[in-house]
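Following: one structure in structure tokens, then a few remarks.
4 protein chains.
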Amino acid sequence: MSDIKKVVLAYSGGLDTSVILKWLQVTYNCEVVTFTADLGQGEELEPARAKAQLMGVPDKHIYIDDLREEFVRDFVFPMFRANARYEGDYLLGTSIARPLISKRLIEIARETGADAIAHGATGKGNDQVRFELSAYALDPNIKVIAPWREWDLNSRTALIEWAEQHQIPVPKDKRGESPFSTDANLLHTSSEGKVLEDPWEETPDYVYSRTVNPEDAPDSPEYITIDFTKGDGVALNGEAMSPATLLTALNELGRKHGIGRLDLVENRFVGMKSRGMYETPGGTIYAAAHRGIEQITLDRGAAHLKDELMPKYAELIYNGFWFAPEREMLQAAIDHSQSRVNGTVRLKLYKGSASVVGRKSPDSLYSERHVTFEDDAGAYDQKDAQGFIKLNALRLRLLAQRDSGGA
Amino acid sequence: MSDIKKVVLAYSGGLDTSVILKWLQVTYNCEVVTFTADLGQGEELEPARAKAQLMGVPDKHIYIDDLREEFVRDFVFPMFRANARYEGDYLLGTSIARPLISKRLIEIARETGADAIAHGATGKGNDQVRFELSAYALDPNIKVIAPWREWDLNSRTALIEWAEQHQIPVPKDKRGESPFSTDANLLHTSSEGKVLEDPWEETPDYVYSRTVNPEDAPDSPEYITIDFTKGDGVALNGEAMSPATLLTALNELGRKHGIGRLDLVENRFVGMKSRGMYETPGGTIYAAAHRGIEQITLDRGAAHLKDELMPKYAELIYNGFWFAPEREMLQAAIDHSQSRVNGTVRLKLYKGSASVVGRKSPDSLYSERHVTFEDDAGAYDQKDAQGFIKLNALRLRLLAQRDSGGA
Amino acid sequence: MSDIKKVVLAYSGGLDTSVILKWLQVTYNCEVVTFTADLGQGEELEPARAKAQLMGVPDKHIYIDDLREEFVRDFVFPMFRANARYEGDYLLGTSIARPLISKRLIEIARETGADAIAHGATGKGNDQVRFELSAYALDPNIKVIAPWREWDLNSRTALIEWAEQHQIPVPKDKRGESPFSTDANLLHTSSEGKVLEDPWEETPDYVYSRTVNPEDAPDSPEYITIDFTKGDGVALNGEAMSPATLLTALNELGRKHGIGRLDLVENRFVGMKSRGMYETPGGTIYAAAHRGIEQITLDRGAAHLKDELMPKYAELIYNGFWFAPEREMLQAAIDHSQSRVNGTVRLKLYKGSASVVGRKSPDSLYSERHVTFEDDAGAYDQKDAQGFIKLNALRLRLLAQRDSGGA
Amino acid sequence: MSDIKKVVLAYSGGLDTSVILKWLQVTYNCEVVTFTADLGQGEELEPARAKAQLMGVPDKHIYIDDLREEFVRDFVFPMFRANARYEGDYLLGTSIARPLISKRLIEIARETGADAIAHGATGKGNDQVRFELSAYALDPNIKVIAPWREWDLNSRTALIEWAEQHQIPVPKDKRGESPFSTDANLLHTSSEGKVLEDPWEETPDYVYSRTVNPEDAPDSPEYITIDFTKGDGVALNGEAMSPATLLTALNELGRKHGIGRLDLVENRFVGMKSRGMYETPGGTIYAAAHRGIEQITLDRGAAHLKDELMPKYAELIYNGFWFAPEREMLQAAIDHSQSRVNGTVRLKLYKGSASVVGRKSPDSLYSERHVTFEDDAGAYDQKDAQGFIKLNALRLRLLAQRDSGGA
């Protein structure tokens, strides 16, 4: 064991991180500072305070922060400006929360003079990578403790036994094997493991917690509008809202209409495939709306460059490189494109789908004058198309002449 | 007018191309060969024969070909291997049909000794570009006549007047302004213009012709399976099918469940934005299924490279560069990745959505042994993750040391 | 002829643009404003004033501007931050000058109330595209006159005859066919045409004007240093210099040592291949130096992203899209990477080569502690490499197991 | 120590791998099979046999293979088809040899029934990654022993002491600290460490072993031709040669003229920067020639796609992913482009430079007819350029209208 004096633990108040809290005290004989973040996961946080106190953490070392606005404003919205999707579909709900948690862990480490941080992510997943890359990028000298990679509590039974030996209360429902593992924040809830481990088996309905089954959603569609300013959502149905308030309201709409369920087999950064279930109700609506407003306000060159850069950008976030220079470079390019992404998108929500049905903008690049089948009063000279085609074709004709063996 | 002796016309039998047929005879004083393709657009083609005969085209110069299998096998399926979507959403239903029509036009020109081809695409759209780039790529010396860029029949009234002056029958429903313009083939139907020209207005339901309104779709979901071999669909619900048969059957399923409607403002190659409505019922189901089977059979490196290349590949097809070397290079890379994309995908179809709910494969790369939360019997050593993270973090730590001004 | 009242002409004072000046007056019966830019081409500009006056251009309509500092500071240096090379080798010396000329043409058009601009680029080359795309991007309503695409003076003889008919002095050395065509500015001189048209024939030595033949360069190498701040050169051999002064001094060094000659067959945007000879003496030294300083100050992630984006960035500049949003987005990404690109590069100049032999920086990321073969005092734990390799290999092993048919 | 029965060691016969041989015998108490490859490194290999015998390796377990033709044909040439350069300059001479060595190690492991391989690369470098990723990709169950990451012989003195204790002969010149470390094969020689560790200090001339100092090279240039077939070199000065013979001959020319020296600070895959010196005499000439023949035989679309893919392709090889699916996909795309890359390139070799001065091909796409400044007999209609520019400008004009606030 290296020489650790004080460690800041990402602490949820649940069984696993309570065991870790104790294990850190016992194993490293060090002070533990707990950090519990409200990222909109929908759980009460005060119980975490009581539990930490119970394990002897002094009040000044118990941090409980509401990070919801910062989360949406500085992480979720910038990411959605890029229309980021990992492997075609995943909206990166877990990935985007990790760097913020690490940022706060490092800040608290500085405030409290801690020399280490600790987290409860396992050695098989992406989250350990995301936590640690962010932490190292923000403080190159920080030490990181990842108990799941260190201890030998490698079965549920061993963990619970250890808890009981150390007077950690074990809730009844944790005694049996939990059927799957979940992570939640304002953007999404993810589940994986156990009943989800066979990718041929349909995800049971009870795994979903953030959305009604589309079959149980209202039989009539609901229409909404979202307003955007510089690429970020600012109002719902005409009512101005802060980032977190807007996402919360969209989550409610998504829940009601069964929007944002995703069943995915994805490639983890550590090299294996895993099967996950994601619910991103508000984010799914928001993503559709953002593409909708870009359709009329972004130039083709900007739009296509964004589409080309997106897979790499999404991969960087998925792999934990939020605080890497290349992510920041891509963000600079993306943000540059959003200065005129202003306007209103109208969407239809219905039984699992969020469809753009209208968009308007004072900054629209759509020109009815140019596109019309009617008389366009000289806006566009169809004869220009001939030269355009001829010169685009020239290299293909030279190729064809070469390949057919003559002019 | 340049010196044209014989021209092959892409002829639908409709009013516009009938006017063009006559206009070519009158204006160029040349022979016209008509070519009518069955691409699955769902219209009878024999009336085209009668109309061509009526305008004096000899039987040997009337070509009516069923290209449905070639279309799906050699164009649609290769494109879907790439998961191609233009601007995030458009499945390229019109774009992918054009190169095949041009290929056949050039073949017929060779068979009949024609020196030119003609088409009915306007000077504002993408189709003229797609037709002509493909034609030039296949025959660098072919001449191309695009009447819409040449004549002065620039209003509906003018066109109809000209038709009547030249004894071309004008169907009653063509006398008024048509409310929008459509294109159809086995993959999709697109509509644009007129009632669709205001991108804020919702597409009226009567514009859709290939799908029921999701609100009118069955209240119970339907489950299906699609089998893939080397990245191509080969069976529906266990029943082997040819490419066109499979797509036809999926279209029927998509129609029933209201799947594949898309309202899009897109960027045309010629430089303007246009608003289109697309219905791609079977293609939307197929696209989801293809991603599903790739999830368990494609390695991450291959999958991510495909995602990075896709926007460029889709843009090439959209812009008409199917027969360009760079599209062929990308196809070679994509096809290389598909050799083990075999297996079965299970989908749930319900009120507008096609969702993958299961996938299995003899070539699966998903390893439950590695991913399990349970004891993995040594398949994966969690301690490896530490070194993995440490070396991935090294450059970020060196950066942080530099940027904070010291080690 | 469309209705033009006043046109701003990019005027060199040479025979061709003098003919154009007159031709515009005669053909359009409009006022002509002349604009002559000093971009460091090394020609006296005052003769252009006298010639314009001779053709009746009033003094207030004669613009002669020294744009050298703006050229290097706002165009050349930003481009070199990207390490831009078109088709692997071309340093874009002509391409990068065109947008600045167009910018000034449009400014002068606004100042003088002109409704059009004119340039002397032919209809076969890239420069017409570059001039006009930039002009349209800066003023969507500007009219553009490109005489070489309009008139019928399509041979040298015809041009000279027309000049004589219109009392335009024809210098003796212009009477015969010139052996090739050149363009020059502070960054480079290019030549093409005539003796260069056979790509198998070596470029004759007399074509080069900015560099000595390496065989005639000094027999001893010369060592120099260039200092960089935020990615831009700021000093030569320790002496602070403005951008244009620095490039001028490097040109002198490059000339002396025969550096920066390039014989290239390139692909023009208009679709054909052309063979060009380029001399970029100072730019070649500067480009090597910029890469040198980036080697120690740029993080790998940033450096590799830059390398991946570069070909597209270079293509955009080559094709004339300097003022397009996607070029600006890429520039935002590139500039973001340069904030710590500070330090000094040492180069050896010798008979055609500029080689980086040393680099140092207060912002260096190079860590001798980490890389040393000697005892590194724990800076790097070699055991971390095992986990790093194991997890990078995991997907490859899963693939190999699948492909060999078993675990 | 895990349970190893037989290990195949990549054995050079030098001191380090001799120590490893013995260390494996002593530490793992296992049989050792030695594999010594002739990759053109220019050393006699038979002494390696005697040394292995001396340490008790039976003859049937001593493999000495001449892999030079396979190396150039199946690894070097395919890589040069891509014009691969890592970080702008490095021709990947070490990187490309590693996968071949691993391939042969795995083959020999199969032939001899070995369950492990071992190599002499350290835990700080790229080569360990390259060896092991390739090995795992070819045999997912192989065990890998990397003594430098395992043992505690972490100083030169410790190694030599251990050698002497175990009766391994230590050559006199190995007793002192060697001034730098080298790797060599037919493509290049690299050196790093010691005197090279300060990136501000010029590489001393004695570090170079494969090239004369350009200052000592002949004072007159030498002209050569290289013929290409399908993107691969097949003849020098008209004389047909096998791949390895051609590269050997080019190395001799490069040596004589001082061509291919490179002083680089590069980013290692393991996260640190290192400074290396590379000599790639023949490869540098060959790379220039390959670009030269592509200039006239590759279409622009193909050429630009290759340039865009190249940085990723080079990174994959540098990082050790030769046997990864994404490298193979890129190779498929690249190879597709080379089918008509045939012809002859003429180069001038002079004091450190290899410059293309001429290229010709039966498959040339260069069209003097199109590019000429003279009368082109209608090959190209300059008026087409207007439409081409107009439509390329349309989106920029719509942007400018929007951004200036009006039409």
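Chains A, B, C and D supply the protein sequences, listed in that same order. Under this note's numbering, the first residue of the first sequence carries the number 1, and numbering increases by one thereafter. Under this note's numbering, the first residue of the second sequence carries the number 1001, and numbering increases by one thereafter. Under this note's numbering, the first residue of the third sequence carries the number 2001, and numbering increases by one thereafter. Under this note's numbering, the first residue of the fourth sequence carries the number 3001, and numbering increases by one thereafter. Each residue gets a CB set at the ideal place from its N, CA and C atoms; glycine is no exception.
Collapsing the DSSP output to three states places glutamate 3315/D in a helix. Using a Cβ distance threshold of 7 angstroms, aspartate 1183/B and serine 1190/B count as a contacting pair. Closer than 7 angstroms to the CB of valine 144/A there is not a single CB belonging to chain C.
Straight-line spacing of the CA atoms in isoleucine 1020/B and aspartate 2038/C works out to 55 angstroms. For phenylalanine 3388/D, the residues of chain A that pass the 9 angstroms Cβ criterion are Asp384, Gly387, Phe388, Ile389, Lys390, Leu391 and Asn392, in the order they occur in the chain.
The straight-line gap separating the alpha-carbon atoms of glutamate 279/A and tyrosine 318/A is approximately 17 angstroms.
Glutamate 252/A does not reach chain B, its nearest Cβ partner there being about 21 angstroms away, counting only Cβ pairs nearer than 7 angstroms.
Not flagged as an interface residue toward chain D: glutamate 1164/B, since no C-beta distance is shorter than 7 angstroms. Interface flag for histidine 2370/C against chain D is set, since a Cβ pair is found closer than 7 angstroms. Taking the C-beta atoms as reference points, glycine 3233/D is found nearer than 7 angstroms to leucine 3246/D. Here proline 58/A is exposed. Its C-beta has fewer than 16 other C-beta atoms within 10 Å. For the pair glutamate 3202/D and glycine 2292/C, the Cα-to-Cα distance works out to about 13 angstroms. The beta-carbon distance between valine 357/A and alanine 289/A, rounded to whole angstroms, is 11 angstroms. This is too long to meet the 8 angstroms contact definition.
For proline 1171/B, no chain A residue has a C-beta closer than 7 angstroms to its own C-beta; the minimum C-beta separation is roughly 19 angstroms. Scanning its chain for C-beta atoms nearer than 7 angstroms, with the 5 sequence neighbours on each side dropped, one finds around aspartate 2115/C the residues Ile2004, Lys2005, Lys2006 and Lys2143, in chain order. By the C-beta criterion, the segment 3320-3333 of chain D is judged to be in contact with the segment 1322-1336 of chain B, since at least 3 inter-stretch pairs fall below 8 angstroms. Its chain contains Thr3211, Val3212, Asn3213, Pro3214, Glu3215, Asp3216, Ala3217, Lys3351 and Gly3352 as the residues whose beta carbon lies nearer than 8 angstroms to that of glycine 3258/D, once the 5 sequence neighbours on both sides are disregarded; these appear in chain order. In the DSSP assignment, lysine 1273/B falls within the unbroken beta strand (DSSP E) covering 1273-1279. Closest in C-alpha terms to tyrosine 1011/B, from the list Ala1379/B, Ala1118/B and Ala1303/B, comes Ala1118/B. Valine 270/A places its beta carbon 7 angstroms or farther from that of isoleucine 108/A.
With 16 or more other Cβ atoms inside 10 Å of its own Cβ, leucine 1067/B counts as buried. Closer than 7 angstroms to the CB of glycine 2056/C there is not a single CB belonging to chain A. Classified as buried, glutamate 2294/C has 16 or more neighbouring CB atoms from the shown chains inside 10 Å of its CB.
If you ignore the 5 residues before and after arginine 2175/C, its C-beta comes within less than 8 angstroms of the C-beta of Ile2160, all in its own chain and listed in chain order. Look at leucine 2264/C: its C-beta is not under 7 angstroms from any C-beta on chain A.
Within the segment 1037-1071 of chain B, complete alpha helix (DSSP H) segments of at least 4 residues are found at 1046-1054 and 1068-1071, given in chain order.
Under the Cβ distance rule, arginine 1359/B counts among the residues neighbouring chain A, one pair being separated by less than 7 angstroms. Pairwise C-beta distances place the segment 301-315 of chain A in contact with the segment 1297-1308 of chain B, as three or more of them are shorter than 8 angstroms. Arginine 2156/C is not a Cβ neighbour of glycine 2123/C, given a cutoff of 7 angstroms. A contact is defined here as three or more CB-CB pairs under 8 angstroms, and the segment 383-396 of chain A meets this definition with respect to the segment 3384-3404 of chain D.
The Cβ of valine 33/A sits no closer than 7 angstroms to any Cβ of chain B. Closer than 9 angstroms at the C-beta level to chain B, one finds these residues of the segment 192-211 of chain A: Glu192, Gly193, Lys194, Glu197, Asp198, Pro199, Trp200, Glu201, Glu202 and Thr203. Within 9 angstroms of the CB of glycine 271/A, the CB atoms of chain C belong to Lys2390, Leu2391, Asn2392, Ala2393, Leu2394, Arg2395, Leu2396, Arg2397 and Leu2398, in sequence order along the chain. Aspartate 375/A and alanine 1158/B have their alpha carbons spaced roughly 12 angstroms apart. Annotation: leucine 1039/B has no Cβ neighbours in chain A at a cutoff of 9 angstroms; minimum Cβ distance is about 22 angstroms. The bridge partners DSSP lists for aspartate 232/A are Thr229/A.
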